Amino acid sequence: MYLPASGSTEKSYADKITMLLTFGGAELLVIYNSFDYDIEGAAAEIPTVKVVLDRSDSYFAPRTNELIDRYRFRSCKQSYDETTASYIARLHNLAKTCNFGDENENNLRVQLVYGCHNESLRKMFSARRR
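For the sequence shown, the UniProt record's numbering assigns the number 1 to the initial residue and increments by one for each residue that follows.
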């Protein structure tokens, strides 16, 4: 938003990156300097603002631990004051980082049966075959 508002959209990549690093401060500059860029050869990577922002996003993205994520998923039980829809939504959210692959729906169904308080729902899912 700042670049168009300041009339800086026509500036060079180097100028735009300098502006970004200036606004980001010394800590962002240290992080930026730690990035590796392929600036030689046929597949040269010109560090554009988008490339810098993408690298920064990757750097700041929370690290995940599949084992811990699966533990949290398997430990997830429906709270007594939680609706079934809310519990299902919470399970879906937890499953995103578990890397279940093709078994995602099956794992969701098993955990729903295991952790829900709705006895009729549990019986319905237990009676279903894959």
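The C-beta atom is built at its ideal place from N, Cα and C for all residues, glycine as well.
Bear in mind the structure is a predicted one, so any value in this text is a computation, not a measurement.
Query, Result
"Within 10 angstroms of the Cβ of Tyr87, are there 16 or more other Cβ atoms? Answer buried if so, exposed if not.", "buried"
"Please report the straight-line C-alpha distance between Leu29 and Arg63, rounded to a whole angstrom.", "21 angstroms"
"Give me, in chain order, the residues of the same chain whose beta-carbon lies closer than 6 angstroms to that of Phe100; leave out the 5 immediate sequence neighbours on both sides.", "Asn107"
"Measure the alpha-carbon distance for Ser126 versus Lys96 and round it to whole angstroms.", "23 angstroms"
"Grouping DSSP H, G and I as helix and E and B as strand, with all else coil, what is Ser126?", "helix"
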